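Quick notes on the structure that follows.
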Amino acid sequence: MDYGHYSVMLCESIDSLNIKPDGIYVDATLGMGGHSYEIANRLSGGELISIDRDAKALERAVLRLEPLMDRITLVHGNFRDMDAILDDLHIDKVDGMLFDLGVSSPQLDESERGFSYMADAPLDMRMDQSDSVTAADIVNTWPYEKLKRILYDFGEERYAPRIAEAIVKHRGRARIETTLQLVDIIKSAMPASALREPQHPAKRTFQAIRIAVNDELEAISEVLSTAADRLKPGGRLVVISFHSLEDRIVKNAIASRENGCTCPRDFPVCACGFVQTLKSVSRKPYVPQEAEILENPRSRSAKLRVAERV
Numbered sequence: 316m317d318y319g320h321y322s323v324m325l326c327e328s329i330d331s332l333n334i335k336p337d338g339i340y341v342d343a344t345l346g347m348g349g350h351s352y353e354i355a356n357r358l359s360g361g362e363l364i365s366i367d368r369d370a371k372a373l374e375r376a377v378l379r380l381e382p383l384m385d386r387i388t389l390v391h392g393n394f395r396d397m398d399a400i401l402d403d404l405h406i407d408k409v410d411g412m413l414f415d416l417g418v419s420s421p422q423l424d425e426s427e428r429g430f431s432y433m434a435d436a437p438l439d440m441r442m443d444q445s446d447s448v449t450a451a452d453i454v455n456t457w458p459y460e461k462l463k464r465i466l467y468d469f470g471e472e473r474y475a476p477r478i479a480e481a482i483v484k485h486r487g488r489a490r491i492e493t494t495l496q497l498v499d500i501i502k503s504a505m506p507a508s509a510l511r512e513p514q515h516p517a518k519r520t521f522q523a524i525r526i527a528v529n530d531e532l533e534a535i536s537e538v539l540s541t542a543a544d545r546l547k548p549g550g551r552l553v554v555i556s557f558h559s560l561e562d563r564i565v566k567n568a569i570a571s572r573e574n575g576c577t578c579p580r581d582f583p584v585c586a587c588g589f590v591q592t593l594k595s596v597s598r599k600p601y602v603p604q605e606a607e608i609l610e611n612p613r614s615r616s617a618k619l620r621v622a623e624r625v
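Structure follows, in structure tokens:
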């Protein structure tokens, strides 16, 4: 099955942006360009800014977006630098922003990137190949307590102490160089009952290390807390996340701009100075339809949240 050209929750995300033909939009995580194509295809007189920190993603997307490039500006950068990127383009406010926080299928499928626990490859996991810290650096140099913490915090891995201990013990004998080496170490630390679970035993650990390598969660929290300031009134913020920790950060970032008043409930008026800037379009996240999950199993954990600038 070809996952390479599948954009998760494509219809839901595009509909949620409520696109105006002459509007200005940001696709903060370009990936393979599927979302960008559909946004740009709905523009006439409008503009789309498409950002990705992965230079290879930009190269691939150009081929897909070529018929619409007259309305698209591609930017090699990190979405956490959104303010600077928009300032450089002399753009003050936009009509909508889309964030797809997942690792793209080509990144997973290209074994040399080291994201997958299903194929042997160097331990890399960098979204941006110019970054200095790799997954190998983390597993071979970070102390036990720090490894345990990221496995708990970023991977929600209940066997974090055992896995961290196994990593430290193994690297004391020989450096850990490849993905399948790490998979074997993870499996060796887990009880037999955990190895029989449907989810791959290395999934949570690989997720945690990938997040640590790319500093993902801090970046998500930072940019979503300020994204509302770049939206025009009525502009939409649309975010697709792929695990509970990401979704919690997205939910809290929206809530801080929607329900951030700290005054006691019996106060007749707000005295803390809070000004609401976002309102949730739906209290619960949207999830993929069953048909999409059957066509693309990687979409099954996706959650989409939408907020509107007030």
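In terms of my numbering, the sequence shown opens at residue 316 and continues consecutively. All residues carry an ideal CB built from backbone N, CA and C; glycine is no exception. The model shown is predicted, which means the values in this text are computed figures rather than measured ones.
Name the DSSP beta bridge partners of Leu546, please?
BP columns for Leu546 point to Val409.
Boundaries (first-last residue) of the alpha helix (DSSP H) holding Glu277:
In this structure the chain extends from 316 to 625, so residue 277 is not present and cannot be described.
Could you spell out where the alpha helix (DSSP H) holding Thr520 opens and where it closes?
Thr520 -> alpha helix (DSSP H) spans 518-529.
Segment limits, alpha helix (DSSP H) that includes Tyr340
Counting along the chain, Tyr340 falls outside any alpha helix (DSSP H), though it belongs to the beta strand (DSSP E) covering 339-342.
Determine contact between the stretch 353-367 and the stretch 508-515, defined as no fewer than three beta-carbon pairs at a distance below 8 Å.
The stretch 508-515 and the stretch 353-367 do not touch, with fewer than three beta-carbon pairs separated by less than 8 Å.
Cα-Cα separation between Asp342 and Ala586, rounded to whole angstroms:
It is roughly 37 Å from the alpha-carbon of Asp342 to the alpha-carbon of Ala586.
In this structure, does DSSP put Arg624 in helix, strand or coil?
Strand at Arg624.
Less than 8 Å between the beta carbons of Thr592 and Val625, yes or no?
Cβ atoms of Thr592 and Val625: closer than 8 Å.
Environment of Tyr352 [buried if 16+ CB atoms lie within 10 Å]:
The C-beta of Tyr352 has 16 or more other C-beta atoms within 10 Å across all chains shown, which makes the residue buried.
Burial state of Asn529, where buried means 16 or more other Cβ atoms lie within 10 Å:
By the neighbour-count rule (16 or more Cβ atoms within 10 Å), Asn529 is buried.
Less than 6 Å between C-beta atoms, sequence neighbours within five positions excluded: which residues of the same chain meet that for Gly417?
When the five nearest sequence neighbours on each side are left out, the beta carbons in the same chain lying within less than 6 Å of the beta carbon of Gly417 are those of Phe557, in order along the chain.
Taking DSSP's pairing of strands, which residues face Asp367 in a bridge?
Beta-bridge pairing by DSSP links Asp367 to His391.
Any idea what DSSP makes of Glu512, helix, strand or coil?
Glu512 falls in the coil class under three-state DSSP.
Under the three-state reduction of DSSP, which class applies to Val538: helix, strand or coil?
If DSSP states are grouped into helix, strand and coil, Val538 belongs with the helices.
For Met634, count neighbouring C-beta atoms within 10 Å of its own C-beta (all shown protein chains included) and say buried if the count is 16 or more, exposed if not.
Outside the shown range of the chain (316 to 625) lies residue 634, about which nothing can therefore be said.
Between Ala523 and Gly470, how many whole angstroms is the CB-CB distance? I'm expecting something under 8 Å.
The C-beta distance from Ala523 to Gly470 rounds to 3 Å, short enough to fall under 8 Å.
Residue environment, Met384, which counts as buried when at least 16 other CB atoms sit within 10 Å:
Met384 is exposed by the Cβ-count criterion.
For the stretch 475-484 against the stretch 563-581, do three or more pairs of beta-carbon atoms, one drawn from each stretch, fall closer than 8 Å, so that the two count as touching?
The stretch 475-484 vs the stretch 563-581: no contact.
Return the chain-ordered list of same chain residues with a C-beta closer than 8 Å to the C-beta of Ser540, the five sequence neighbours on each side being excluded.
Ala568, Ser571, Arg572.
Roughly how many angstroms separate the alpha carbons of Lys461 and Gly349, rounded to a whole number?
Those two C-alpha atoms are separated by around 37 Å.
Bridge partners of Arg486, per DSSP?
Answer by DSSP bridge pairing: none, since Arg486 is not bridged.
For Asn356, which residues of its own chain have a beta-carbon under 7 Å away from its beta-carbon, when the five flanking residues on both sides are left out?
Excluding sequence neighbours, Asn356 sits near Leu383.
Under the three-state reduction of DSSP, which class applies to Ser556: helix, strand or coil?
In the structure shown, the three-state DSSP call for Ser556 is strand.
Buried or exposed (CB count within 10 angstroms, at least 16 for buried), Thr494:
Using a 10 angstroms sphere on the CB of Thr494, the tally of other CB atoms reaches 16 or more, which defines it as buried.
So is Met594 buried or exposed if we call it buried at 16+ other beta carbons inside 10 Å?
Note on residue identity: the sequence assigns Lys, not Met, to residue 594. By the 10 Å Cβ count, Lys594 comes out exposed.
Report the residue from Asp452, Leu560, Ser359, Ala542 whose alpha carbon sits nearest the alpha carbon of Glu472.
Answer by Cα proximity: Leu560.
With distance defined between alpha-carbon atoms, name the residue in Thr388, Ser431, Trp457, Leu378 nearest to Ala527.
When only C-alpha atoms are compared, the closest one is Trp457.
Look up Ser614 in the DSSP assignment and say whether it is helix, strand or coil.
Looking at Ser614 - three-state DSSP - the assignment turns out to be helix.
If you run the structure through DSSP and keep just helix, strand and coil, what is Pro290?
A query on residue 290 cannot be resolved here, the shown segment of the chain reaching from 316 to 625 and no further.
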